[in-house]
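All remarks here apply to the structure that follows.
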Amino acid sequence: MFHGKIASVCPCSSVDRAAASGAVEGSSSLPRGTFYLTPGMVPVLWEGCLPGVFFGVKMETLQAILTRKSVREYTTQPVPDEMVREILEAAMQAPSAMNRQPWHFILVGDRSQLDALAAILRFGQMLKTAPLGIVVCGDLELDKQRGYWVQDCSAATQNLLVAAHDRGLGAVWLGVYPVEERVLALKKLLGLPEQVVPLCVISLGYPAAKPEPPEKRFDPDRLHYNRW
Ligand SMILES: Cc1cc2nc3c(=O)[nH]c(=O)nc-3n(C[C@H](O)[C@H](O)[C@H](O)COP(=O)(O)O)c2cc1C
């Protein structure tokens, strides 16, 4: 384990973000100073901070992918706007068939609207306590009806989940499409145009507890070489 020093003065609360993301062991409520970087974490100069004044912690891509897991309980702390922007940038950077980017994202922060989503999604009750929901939608016109929108929007959703985890947020993918009654109910609730289909809802917030590491899923039995 690498023992790293994080300077005590940080104007942009990166220490809190790093601690919340699980990138460092230690709590933001402890006196700032020494944090312990877990394997795979690399110390970096944080954006906007003077070299030598502040060192933040950046989660490596593979580490973020391997440690992400669904989070269904949140604190009441709102998700900062700039963080929402960052994770949406990650979502929209996803690959898409012929680069059509056939997605739309509906940000739902209104309490009554979040409760209404929870009333539609039987397995989405965590939306009742989430500070934010993001509805990922596919636009069939942008997709040119080719049917790739599900894959495109799923790639965007996964990017969003990993980026949220990277930033210390907790999130869970709530399935909507292809369950017809969920699709119809969400279209009505959100006033979606005819050609826009909700794929899923992401429930998002700061985790109420530090998640346990996920189980390892790599399974060599699922590998096939050159043919089945
Ligand atoms: C298409 C899809 C639909 C899902 N729907 C729900 C859901 O309705 N409610 C829920 O709590 N989790 C839902 N999940 C999350 C899965 O339960 C979760 O990803 C899975 O158990 C693996 O756990 P992990 O995300 O922690 O790795 C969904 C995930 C996917 C990909």
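Each position in the sequence shown, counted from 1, maps to that position plus 109 in this note's numbering.
Just so you know, even glycine gets a beta-carbon here, dropped at the ideal spot from N, CA and C.
Note that this is a predicted model, so its numbers are computed, not measured.
Residue i, DSSP secondary structure in three states
i, result
"A203", "coil"
"L230", "coil"
"D248", "strand"
"W282", "strand"
"V271", "helix"
"P322", "coil"
"L295", "helix"
"A265", "helix"
"P316", "strand"
Heavy atom of ligand 1 within 6 Å of residue i beta-carbon
i, result
"S312", "no"
"W212", "no"
"K178", "yes"
"F327", "no"
"W258", "no"
"V281", "yes"
Cβ-Cβ distance between residue i and residue j below 7 Å
i, j, result
"P211", "W258", "yes"
"Y315", "T238", "no"
"L241", "G218", "yes"
"I243", "F214", "yes"
"L223", "V310", "no"
"G233", "L283", "yes"
"M192", "S312", "no"
"V180", "P322", "no"
"R177", "H274", "yes"
Any chain B beta carbon closer than 7 Å to residue i
i, result
"Q267", "Looking at the structure shown, chain B is missing, and only one protein chain is on hand."
Distance, residue j Cα to residue i Cα
i, j, result
"T185", "A317", "9 Å"
"N74", "M201", "Since the first residue shown for the chain is 110 and the last is 337, residue 74 is missing from the structure and cannot be characterised."
"A294", "D248", "17 Å"
"E303", "L269", "25 Å"
"I229", "V245", "16 Å"
"L298", "R331", "40 Å"
"L216", "R326", "32 Å"
"G256", "A206", "10 Å"
"E169", "A203", "18 Å"
"L197", "V305", "18 Å"
"V281", "R231", "14 Å"
"E324", "Q267", "18 Å"
"P329", "Q260", "25 Å"
"E290", "E250", "22 Å"
Check: residue i C-beta below 6 Å from any heavy atom of ligand 3
i, result
"G284", "Ligand 3 is not part of this structure, which contains only ligand 1."
Cβ separation of residue i and residue j, assumed to be a contact under 8 Å, to the nearest whole Å
i, j, result
"A199", "A264", "Contact flag wrong, Cβ pair sits at about 11 Å."
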